[in-house]
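Peer 1: Mind having a look at this structure? Questions to follow.
There are 2 protein chains.
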Amino acid sequence: MAERAALEELVKLQGERVRGLKQQKASAELIEEEVAKLLKLKAQLGPDESKQKFVLKTPKGTRDYSPRQMAVREKVFDVIIHCFKRHGAEVIDTPVFELKETLTGKYGEDSKLIYDLKDQGGELLSLRYDLTVPFARYLAMNKLTNIKRYHIAKDFDIAGNFDPMIPDAECLKIMCEILSSLQIGDFLVKVNDRRILDGMFAICGVSDSKFRTICSSVDKLDKVSWEEVKNEMVGEKGLAPEVADRIGDYVQQHGGVSLVEQLLQDPKLSQNKQALEGLGDLKLLFEYLTLFGIDDKISFDLSLARGLDYYTGVIYEAVLLQTPAQAGEEPLGVGSVAAGGRYDGLVGMFDPKGRKVPCVGLSIGVERIFSIVEQRLEALEEKVRTTETQVLVASAQKKLLEERLKLVSELWDAGIKAELLYKKNPKLLNQLQYCEEAGIPLVAIIGEQELKDGVIKLRSVTSREEVDVRREDLVEEIKRRTGQPLCIC
Amino acid sequence: MAERAALEELVKLQGERVRGLKQQKASAELIEEEVAKLLKLKAQLGPDESKQKFVLKTPKGTRDYSPRQMAVREKVFDVIIHCFKRHGAEVIDTPVFELKETLTGKYGEDSKLIYDLKDQGGELLSLRYDLTVPFARYLAMNKLTNIKRYHIAKDFDIAGNFDPMIPDAECLKIMCEILSSLQIGDFLVKVNDRRILDGMFAICGVSDSKFRTICSSVDKLDKVSWEEVKNEMVGEKGLAPEVADRIGDYVQQHGGVSLVEQLLQDPKLSQNKQALEGLGDLKLLFEYLTLFGIDDKISFDLSLARGLDYYTGVIYEAVLLQTPAQAGEEPLGVGSVAAGGRYDGLVGMFDPKGRKVPCVGLSIGVERIFSIVEQRLEALEEKVRTTETQVLVASAQKKLLEERLKLVSELWDAGIKAELLYKKNPKLLNQLQYCEEAGIPLVAIIGEQELKDGVIKLRSVTSREEVDVRREDLVEEIKRRTGQPLCIC
Numbered sequence: 000m001a002e003r004a005a006l007e008e009l010v011k012l013q014g015e016r017v018r019g020l021k022q023q024k025a026s027a028e029l030i031e032e033e034v035a036k037l038l039k040l041k042a043q044l045g046p047d048e049s050k051q052k053f054v055l056k057t058p059k060g061t062r063d064y065s066p067r068q069m070a071v072r073e074k075v076f077d078v079i080i081h082c083f084k085r086h087g088a089e090v091i092d093t094p095v096f097e098l099k100e101t102l103t104g105k106y107g108e109d110s111k112l113i114y115d116l117k118d119q120g121g122e123l124l125s126l127r128y129d130l131t132v133p134f135a136r137y138l139a140m141n142k143l144t145n146i147k148r149y150h151i152a153k154d155f156d157i158a159g160n161f162d163p164m165i166p167d168a169e170c171l172k173i174m175c176e177i178l179s180s181l182q183i184g185d186f187l188v189k190v191n192d193r194r195i196l197d198g199m200f201a202i203c204g205v206s207d208s209k210f211r212t213i214c215s216s217v218d219k220l221d222k223v224s225w226e227e228v229k230n231e232m233v234g235e236k237g238l239a240p241e242v243a244d245r246i247g248d249y250v251q252q253h254g255g256v257s258l259v260e261q262l263l264q265d266p267k268l269s270q271n272k273q274a275l276e277g278l279g280d281l282k283l284l285f286e287y288l289t290l291f292g293i294d295d296k297i298s299f300d301l302s303l304a305r306g307l308d309y310y311t312g313v314i315y316e317a318v319l320l321q322t323p324a325q326a327g328e329e330p331l332g333v334g335s336v337a338a339g340g341r342y343d344g345l346v347g348m349f350d351p352k353g354r355k356v357p358c359v360g361l362s363i364g365v366e367r368i369f370s371i372v373e374q375r376l377e378a379l380e381e382k383v384r385t386t387e388t389q390v391l392v393a394s395a396q397k398k399l400l401e402e403r404l405k406l407v408s409e410l411w412d413a414g415i416k417a418e419l420l421y422k423k424n425p426k427l428l429n430q431l432q433y434c435e436e437a438g439i440p441l442v443a444i445i446g447e448q449e450l451k452d453g454v455i456k457l458r459s460v461t462s463r464e465e466v467d468v469r470r471e472d473l474v475e476e477i478k479r480r481t482g483q484p485l486c487i488c
Numbered sequence: 000m001a002e003r004a005a006l007e008e009l010v011k012l013q014g015e016r017v018r019g020l021k022q023q024k025a026s027a028e029l030i031e032e033e034v035a036k037l038l039k040l041k042a043q044l045g046p047d048e049s050k051q052k053f054v055l056k057t058p059k060g061t062r063d064y065s066p067r068q069m070a071v072r073e074k075v076f077d078v079i080i081h082c083f084k085r086h087g088a089e090v091i092d093t094p095v096f097e098l099k100e101t102l103t104g105k106y107g108e109d110s111k112l113i114y115d116l117k118d119q120g121g122e123l124l125s126l127r128y129d130l131t132v133p134f135a136r137y138l139a140m141n142k143l144t145n146i147k148r149y150h151i152a153k154d155f156d157i158a159g160n161f162d163p164m165i166p167d168a169e170c171l172k173i174m175c176e177i178l179s180s181l182q183i184g185d186f187l188v189k190v191n192d193r194r195i196l197d198g199m200f201a202i203c204g205v206s207d208s209k210f211r212t213i214c215s216s217v218d219k220l221d222k223v224s225w226e227e228v229k230n231e232m233v234g235e236k237g238l239a240p241e242v243a244d245r246i247g248d249y250v251q252q253h254g255g256v257s258l259v260e261q262l263l264q265d266p267k268l269s270q271n272k273q274a275l276e277g278l279g280d281l282k283l284l285f286e287y288l289t290l291f292g293i294d295d296k297i298s299f300d301l302s303l304a305r306g307l308d309y310y311t312g313v314i315y316e317a318v319l320l321q322t323p324a325q326a327g328e329e330p331l332g333v334g335s336v337a338a339g340g341r342y343d344g345l346v347g348m349f350d351p352k353g354r355k356v357p358c359v360g361l362s363i364g365v366e367r368i369f370s371i372v373e374q375r376l377e378a379l380e381e382k383v384r385t386t387e388t389q390v391l392v393a394s395a396q397k398k399l400l401e402e403r404l405k406l407v408s409e410l411w412d413a414g415i416k417a418e419l420l421y422k423k424n425p426k427l428l429n430q431l432q433y434c435e436e437a438g439i440p441l442v443a444i445i446g447e448q449e450l451k452d453g454v455i456k457l458r459s460v461t462s463r464e465e466v467d468v469r470r471e472d473l474v475e476e477i478k479r480r481t482g483q484p485l486c487i488c
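As structure tokens, then:
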């Protein structure tokens with residue numbers, strides 16, 4: 000529901016174009032008259048030949064979502080939104096487009112992937128690349144210094160000046176709650192800190208100007224080997240091999256809070272102010288994560304770098320752990336399913352006076368999660384209901400359409416999810432079959448005798464049991480049987 | 000939840016671009032190195048002057064949605080989606096873009112408003128203009144002949160070969176249910192039929208090729224006077240004045256089922272085959288609407304034309320009725336808030352063999368409804384809660400952060416919506432004030448004594464009453480007090 004369709008925005012954009020178009024109207028209408036005439040002539044010539052050439056497809060890189068796929072999406076979104084609300088978040092939304100300059104200079108090497116639009120009446124627009132930069136723009140524009148919000152069911156952020164690591168720990172708690180609830184298998188959350196990375200780069204001998212680009216190289220360690228990353232650093236980015244090796248010694252370490260303690264004793268790293276701050280904060284973070292009961296899910300991993308330029312402190316990324324494939328089960332794709340971090344400088348980049356608003360947030364990789372859940376359901380050959388209909392209003396004899404319409408309308412008005420077949424005289428067997436296929440649990444059957452007796456025959460589709468229910472009790476009985484709460488809650 | 004952010008699609012589109020960009024990588028990285036060096040030099044020169052020139056805004060024609068506005072949207076979407084589900088609809092989704100040719104030739108005069116994109120690697124794309132044409136494309140592509148679905152919480156359609164007027168009546172029932180539930184004031188649904196309009200045009204002397212364009216003119220009658228419409232027909236569209244006058248005699252009539260009966264006796268109209276079919280169907284429709292108990296909301300209105308080309312049968316449009324403005328209340332904008340109709344030919348335009356799938360549907364004008372609800376809430380100065388937090392975990396003394404973190408974590412894990420202030424030692428007064436502002440009904444207060452006694456002090460924010468609750472009973476007590484169902488339902 001957090002959704003505002005791109006369409007609506009575009010309709011508005013289109014509205015702006017109408018004024019200009021009005022001027023072209025007179026000539027356009029003449030053309031249309033001509034077109035109408037030609038179309039009529041064409042119709043007289045027989046069927047449209049051009050239809051054969053038309054390719055029936057969606058644009059490259061896009062897809063449709065079937066009811067089954069949407070049912071999966073809805074369940075995933077339900078879990079995510081419930082969790083965000085459980086943590087007291089408000090919801091905001093921002094346009095699909097931003098001014099090009101809003102996005103410029105925020106993403107580092109990822110900037111190449113930003114998608115630009117045609118000039119719109121003097122405005123250069125780009126499609127948003129994530130929800131974090133639009134959120135920061137929103138905060139600066141509305142002069143907000145304090146908010147906890149989510150954004151189209153996948154991004155959660157806490158903005159404001161708070162005591163260290165409390166909001167950061169909550170973000171990690173939220174990630175763990177969501178991934179546990181989704182039941183997509185065992186997972187691990189890698190944690191690191193940009194200040195530790197920068198300190199490490201400094202003591203290894205990387206020049207300041209290369210921090211971000213070396214950070215991008217390190218970020219690839221979850222996909223390619225250390226050798227390849229080293230080659231990129233030395234060959235493409237001009238790092239001295241011994242500098243790369245020193246980095247290699249660090250970034251191949253991971254562990255729990257004990258690794259934090261160990262690095263706090265590291266003779267070189269502990270001399271670097273930034274690294275020391277980062278390690279101190281991580282130590283505090285682990286204390287809070289223990290109180291939240293999720294410390295066993297967290298791994299301090301020095302190879303975690305996160306590509307985007309805007310992170311300034313703690314960063315994290317959740318990965319699914321590969322489980323040995325069950326017999327007959329396809330091995331599932333494994334990778335990052337959620338990520339985030341602290342970005343204390345981004346809002347200040349938008350504020351005219353550079354005022355900073357510290358922020359920490361997370362983003363759920365919903366597309367990847369959908370595929371995993373879908374694949375899993377397919378492997379289990381599980382049936383997914385795509386409607387929530389509780390009862391089908393059916394008739395045993397002919398000429399009862401009016402009675403069916405009256406009853407189904409009564410049920411709708413009482414809040415019952417009900418259907419009927421759109422046929423005047425459907426066979427009872429067809430009506431029962433429809434319930435089997437659609438997974439509808441109950442049938443309310445009207446017959447001549449039932450009408451005389453003031454009752455409805457209520458049939459359970461699975462057990463095939465039938466009982467007569469007095470018409471005035473039908474709504475309560477359906478609610479009772481389908482577990483719909485009788486109270487309003 | 001029916002939402003798939005445009006972003007995700009675009010990220011995929013962007014993915015396709017990455018391959019091309021990889022080739023430019025080597026040179027791009029050299030440039031970035033240079034940029035990094037220059038940025039460093041710039042940083043040494045002092046604060047960024049260019050920031051002053053940056054305009055902080057959203058693109059023309061777009062807007063952000065604040066938590067308050069989103070809370071309103073969510074309530075409206077809840078009503079709509081609940082109704083669609085009550086009527087047994089599945090949900091689908093389609094991309095924000097379509098191939099340009101998918102949209103071509105479907106909208107008539109509205110086609111001018113379609114928004115085209117830059118060439119995307121040989122594909123001409125347009126932004127979807129409504130959800131009906133993409134739905135028809137989806138049906139043809141998947142060879143579906145039978146479905147009842149909704150689409151991003153505002154479009155509902157029934158596709159399939161059914162007995163006449165039963166699905167059409169259900170669409171009108173759905174429109175009435177939604178508009179009643181939204182409580183946005185009294186409304187009326189205007190109904191007409193394209194076949195009646197075409198028959199009327201024929202007997203008035205309009206040539207076939209001008210049906211659609213004259214239909215567009217008639218469609219403006221809800222906004223401008225008959226005189227202006229006549230001027231357009233005669234002056235711009237070349238209709239003879241006496242033909243226009245004959246049309247005028249018809250389109251100024253409206254009424255109930257009695258007007259249908261009257262026109263069935265009309266000596267000229269009843270001789271036209273199309274008009275006769277349309278009138279016969281409307282008579283049947285009114286019977287079903289009476290059974291659904293909504294006939295008093297429906298007006299047969301011969302001036303209703305609906306601009307889009309694809310309608311073939313019944314058409315309808317819901318309008319709010321202006322209520323006399325209350326003292327101090329701004330008069331609310333009045334106009335169409337929902338509309339739809341039957342389009343039996345659209346799917347066939349996509350099917351390679353021209354196979355037809357009859358469809359009927361409706362669309363809710365969600366943007367207009369949001370504005371109305373927002374305006375009304377503002378006029379009433381009503382407070383809108385933007386979070387659903389049930390309880391704030393607070394402490395009465397210092398040094399209890401760890402205890403607060405433990406308790407709030409317990410509550411989250413039990414499904415309670417809970418918050419805490421992100422401060423080590425917040426004052427109790429500040430914690431209570433936060434609850435007042437955010438509308439949080441309960442406070443769970445931890446103190447030294449409570450910890451010793453194994454209890455939590457539960458305080459009601461409005462009544463200020465406090466009771467000690469045993470820690471193991473706290474979750475149940477909060478659920479009981481906030482009306483969250485104890486059963487799982």
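Those protein sequences? They're chains A and B, same order as listed. Just so we're aligned: the first sequence equals residues 0 to 488 in numbering that gives the first Met the number 0. Just so we're aligned: the second sequence equals residues 0 to 488 in numbering that gives the first Met the number 0. Where a beta carbon is used, it is the ideal one built from N, C-alpha and C, also for glycine. No experiment lies behind these values; they were computed from the predicted model shown.
1. Could you spell out the range, first to last residue, of the alpha helix (DSSP H) harbouring residue 198 (chain A)?
2. Tell me whether residue 126 (chain A) sits in a helix, a strand or coil according to DSSP, three-state version.
3. Report the start-end ranges of each alpha helix (DSSP H) in the region 412 to 453 of chain A that is 4 residues or longer and not cut off at the edges.
4. Closest by CA to residue 116 (chain A), which one among B:430, B:125 and B:112?
5. Looking at the unbroken beta strand (DSSP E) that takes in residue 97 (chain B), where does it start and where does it end?
6. Within the same chain, show all residues whose beta-carbon is closer than 6 angstroms to that of residue 212 (chain B), passing over the 5 residues directly before and after it, in chain order.
7. Using a Cβ cut-off of 7 angstroms, pull out every chain B residue sitting near residue 124 (chain A), in sequence order please.
8. Looking only at its own chain, which residues have a Cβ that is under 7 angstroms from the Cβ of residue 411 (chain B), when we skip the five neighbours before and after it?
9. Regarding residue 116 (chain A) and the ligand NAD, is the C-beta to nearest heavy atom distance less than 8 angstroms?
10. Assuming contact is defined by CB atoms lying nearer than 9 angstroms, are residue 78 (chain A) and residue 106 (chain A) in contact in what I supplied?
11. Residues in its own chain within less than 6 angstroms of residue 113 (chain B) by CB, not counting five upstream and five downstream?
12. Roughly how many angstroms separate the alpha carbons of residue 43 (chain B) and residue 207 (chain A), rounded to a whole number?
13. Determine whether the Cβ of residue 247 (chain A) lies closer than 9 angstroms to any Cβ atom of chain B.
14. Would residue 162 (chain A) count as contacting chain B if we go by Cβ distances under 9 angstroms?
15. Report the partner residues of residue 403 (chain B) according to the DSSP bridge assignment.
16. Which ranges does the beta strand (DSSP E) cover as unbroken runs of at least 3 residues, wholly within the region 226 to 304 of chain B, from first to last along the chain?
17. Looking only at its chain, what residues have a beta carbon closer than 7 angstroms to the beta carbon of residue 323 (chain A), apart from the 5 residues adjacent to it on each side?
18. What does the alpha-carbon distance come out to for the pair residue 59 (chain A) and residue 172 (chain B)?
19. Looking at the unbroken beta strand (DSSP E) that takes in residue 335 (chain B), where does it start and where does it end?
20. What in chain A is Cβ-close to residue 90 (chain B), meaning under 8 angstroms?
21. Kindly say whether residue 461 (chain B), judged by its beta-carbon, lies nearer than 9 angstroms to any beta-carbon of chain A.
22. Closer than 6 angstroms by C-beta to residue 228 (chain A): which residues in its own chain qualify, once you throw out the five before and the five after it? Chain order, please.
23. Where does residue 373 (chain B) sit, in a helix, a strand or coil, going by DSSP?
24. Less than 8 angstroms between C-beta atoms, sequence neighbours within five positions excluded: which residues of the same chain meet that for residue 326 (chain B)?
25. I'd like to know whether the C-beta of residue 53 (chain B) is nearer than 9 angstroms to at least one C-beta of chain A.
26. Between the region 277 to 306 of chain A and chain B, which residues of the former have a C-beta closer than 9 angstroms to a C-beta of the latter?
27. Against chain A, does residue 371 (chain B) count as a neighbour if the rule is that its beta carbon must be under 9 angstroms from one of theirs?
28. Could you name the residues of chain A that residue 166 (chain B) contacts, counting a contact when the two beta carbons are closer than 7 angstroms?
29. Which chain A residues are close to residue 311 (chain B), counting only those with a beta carbon under 9 angstroms from its beta carbon?
30. Tell me the residue span of the alpha helix (DSSP H) that contains residue 208 (chain A).
31. Would you tell me roughly how many angstroms separate the C-alpha atoms of residue 271 (chain A) and residue 446 (chain B), rounded to the nearest one?
Peer 2: Concretely, from the data shown:
1. As a first step, residue 198 (chain A) is located in the first sequence; it is residue number 199 there, counting from the start. Residues 193 to 203.
2. Taking the first residue of the first sequence as 1, we reach residue 126 (chain A) at position 127. DSSP places residue 126 (chain A) in strand when its eight states are reduced to three.
3. Whole alpha helix (DSSP H) segments, 4+ residues: 427 to 437 and 447 to 452.
4. Numbered from its first residue, the first sequence carries residue 116 (chain A) at position 117. Checked all of B:430, B:125 and B:112; the closest Cα to residue 116 (chain A) is B:125.
5. Along the second sequence, read from residue 1 onward, the residue named residue 97 (chain B) stands at position 98. Residue 97 (chain B): member of the beta strand (DSSP E) spanning 96 to 98, first to last residue.
6. The sequence position of residue 212 (chain B) within the second sequence is 213, counting from 1. Closer than 6 angstroms at the Cβ level, and outside the excluded window around residue 212 (chain B), lie 236.
7. As a first step, residue 124 (chain A) is located in the first sequence; it is residue number 125 there, counting from the start. Those within 7 angstroms of residue 124 (chain A) in chain B are 58.
8. Translated into the one-based positions of the second sequence, residue 411 (chain B) becomes position 412. Closer than 7 angstroms at Cβ, skipping near neighbours: 417.
9. The ligand content of the structure shown is nil, which means the ligand NAD is not present either.
10. Position 79 of the first sequence holds residue 78 (chain A). Position 107 of the first sequence holds residue 106 (chain A). No Cβ-Cβ contact shorter than 9 angstroms links residue 78 (chain A) with residue 106 (chain A).
11. For the purposes of this step, residue 113 (chain B) is identified with residue 114 of the second sequence, where counting begins at 1. 102, 125 and 128, listed in sequence order.
12. As a working mapping, residue 43 (chain B) is identified with position 44 in the second sequence. As a working mapping, residue 207 (chain A) is identified with position 208 in the first sequence. Reliability of the predicted coordinates at residue 43 (chain B) is poor, the pLDDT of 47 falling under 50, and the value obtained from them is presented with this limitation in mind. Each residue's Cα considered, the two are about 13 angstroms apart.
13. Looking up residue 247 (chain A) in the first sequence gives position 248. Interface criterion not met: the Cβ of residue 247 (chain A) is under 9 angstroms from no Cβ in chain B.
14. Taking the first residue of the first sequence as 1, we reach residue 162 (chain A) at position 163. Taking a beta-carbon distance threshold of 9 angstroms, residue 162 (chain A) counts as an interface residue toward chain B.
15. Residue mapping note: residue 403 (chain B) aligns to position 404 of the second sequence, counting from 1. Residue 403 (chain B) is not bridged to any residue.
16. Whole beta strand (DSSP E) segments, 3+ residues: 297 to 300.
17. Here residue 323 (chain A) refers to the residue found at position 324 of the first sequence. For residue 323 (chain A), the predicted structure reports a pLDDT of 47, less than 50, and the residue's modelled location is therefore unreliable. The matter cannot be settled from this model.
18. For the purposes of this step, residue 59 (chain A) is taken as the residue at position 60 of the first sequence. For the purposes of this step, residue 172 (chain B) is taken as the residue at position 173 of the second sequence. Their backbone Cα atoms lie some 39 angstroms apart in a straight line.
19. The sequence position of residue 335 (chain B) within the second sequence is 336, counting from 1. In this chain, the beta strand (DSSP E) harbouring residue 335 (chain B) covers 335 to 341.
20. The count along the second sequence starts at 1 and reaches residue 90 (chain B) at position 91. Residues of chain A passing the Cβ test: 66, 69, 70, 73 and 385.
21. The sequence position of residue 461 (chain B) within the second sequence is 462, counting from 1. False, the Cβ-Cβ gap to chain A never drops below 9 angstroms.
22. The residue labelled residue 228 (chain A) in the question sits at position 229 within the first sequence. Cβ neighbours of residue 228 (chain A) within its own chain (closer than 6 angstroms, five residues either side excluded): 216, 219 and 220.
23. The residue given as residue 373 (chain B) occupies position 374 in the second sequence. Three-state result, residue 373 (chain B): helix.
24. Taking the first residue of the second sequence as 1, we reach residue 326 (chain B) at position 327. Because residue 326 (chain B) carries a pLDDT of 45, less than 50, the predicted location of this residue cannot be relied on, and no value is offered for it.
25. For the purposes of this step, residue 53 (chain B) is taken as the residue at position 54 of the second sequence. Chain A contact via Cβ: present.
26. Those residues of the region 277 to 306 of chain A that come within reach of chain B (Cβ to Cβ, closer than 9 angstroms) are 286, 287, 290, 291, 292 and 293.
27. Stepping through the second sequence from its first residue, residue 371 (chain B) is reached at position 372. Using a CB distance cut-off of 9 angstroms, residue 371 (chain B) does not count as an interface residue toward chain A.
28. Here residue 166 (chain B) refers to the residue found at position 167 when the second sequence is read from its first residue. Those are 421, listed as they occur along chain A.
29. Here residue 311 (chain B) is taken as the residue at index 312 of the second sequence, counted from 1. Simply none; closest approach about 15 angstroms.
30. On the first sequence, residue 208 (chain A) is found 209 positions in, with the first residue counted as 1. That residue, residue 208 (chain A), is in no alpha helix (DSSP H); it is neither H nor E in DSSP.
31. Within the first sequence, residue 271 (chain A) is the residue found at index 272, counting from 1. Within the second sequence, residue 446 (chain B) is the residue found at index 447, counting from 1. Rounded to whole angstroms, residue 271 (chain A) to residue 446 (chain B) spans 40 angstroms at the Cα level.
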